[in-house]
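Student: Heads up: the sequence shown runs through residues 344 to 505, numbered per the numbering used here.
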Amino acid sequence: MNDTDPPGIVGDAYGPGVVGDRERFTAPGTARPRRWWPGVLLLAVLVPAVGGAVAVEWTAGVLAREGAKPLRVTYEVTGTARDVTVTYPAWQDGGLSTARLTLRSLPWTGEVRTRGFMRGGSLAVTLGRSGGEVSCAVTVDDGTVRTASASGAFATATCDGF
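This is how it looks when you write it as structure tokens:
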């Protein structure tokens with residue numbers, strides 16, 4: 344072994360009887376200590392990866408079930424106002440569009456039947472110049488989800504987040 348050779352290498356190139364660093368510090372007849380960090384590293388990588396895959400698969404299943412479920416969304420507007428504009432989401436064939444109506448008298452009820460319901464809709468009822476009072480309610484499958492009220496000229500009642 345000379346000064347340019349790397350320390351701890353045993354082999355024919357260095358001649359017989361050359362002992363590497365590992366062999367030098369291990370007592371004869373004892374096993375080398377096992378490395379534990381590769382197992383820990385493997386677990387640190389595999390556990391989050393498997394957990395993430397399970398979470399994605401579960402979410403996809405929930406969305407598929409919700410997307411195929413038939414729903415009935417009912418909109419209701421009541422009050423004393425005589426001039427209101429109603430804007431609401433209308434789902435048709437899995438697509439979302441916005442419907443807009445101008446009403447001269449109340450009450451008004453609208454219903455949409457859909458599949459693949461997307462949460463986060465907004466029913467907005469805006470009073471005209473003559474003002475008055477107005478209330479709105481959104482019901483999804485016979486369970487009231489959101490209600491709101493407004494009064495005065497150009498005020499808006501918004502039932503959102505259903």
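Note that CB positions come from ideal geometry on N, CA and C, so glycine has one too. Computed from a predicted structure; not experimentally measured.
If you follow the beta strand (DSSP E) that residue 467 is in, where does it begin and where does it stop?
Tutor: By 1-based counting over the sequence shown, the position of residue 467 is 124. Where residue 467 is concerned, the enclosing beta strand (DSSP E) stretches over 465-470.
Student: Taking the alpha-carbon of residue 469 as reference, which of 489, 494, 480 and 378 has the nearest alpha-carbon?
Tutor: Start at 1 with the first residue of the sequence shown, and residue 469 comes out as number 126. Of the candidates 489, 494, 480 and 378, the one whose C-alpha sits nearest the C-alpha of residue 469 is 494.
Student: How should residue 396 be labelled, buried or exposed, when 16 other C-beta atoms within 10 angstroms of its C-beta is the threshold for buried?
Tutor: By one-based count along the sequence shown, residue 396 stands at place 53. Exposed, because fewer than 16 other Cβ atoms sit within 10 Å of the Cβ of residue 396.
Student: Could you spell out the range, first to last residue, of the beta strand (DSSP E) harbouring residue 426?
Tutor: Indexing the sequence shown from 1 puts residue 426 at position 83. Residue 426 -> no beta strand (DSSP E), and no H or E assigned at all.
Student: Here's a check: name, in chain order, each residue in its chain whose Cβ is nearer than 6 Å to the Cβ of residue 452, leaving out the five neighbours to either side.
Tutor: Translated into positions along the sequence shown, residue 452 becomes position 109. Cβ neighbours of residue 452 beyond the five flanking positions: 419.
Student: For residue 392, I'd like the list of residues in its chain whose CB is within less than 8 Å of its CB, leaving aside the five on either flank, ordered along the chain.
Tutor: What you label residue 392 is simply residue 49 of the sequence shown in a count that begins at 1. Once the five neighbours on either side are set aside, residue 392 has no close Cβ partner at all.
Student: I'd like to check one pair, residue 424 with residue 431: are the Cβ atoms closer than 7 Å?
Tutor: The count along the sequence shown starts at 1 and reaches residue 431 at position 88. The count along the sequence shown starts at 1 and reaches residue 424 at position 81. Not in contact: residue 431 and residue 424 (Cβ atoms no closer than 7 Å).
Student: So, helix, strand or coil for residue 389, using DSSP?
Tutor: The residue you call residue 389 lines up with position 46 of the sequence shown. It is helical.
Student: Taking only three categories from DSSP, how would you classify residue 450?
Tutor: Position 107 of the sequence shown, counted from the start, is the residue given in the question as residue 450. Coil at residue 450, not helix or strand.
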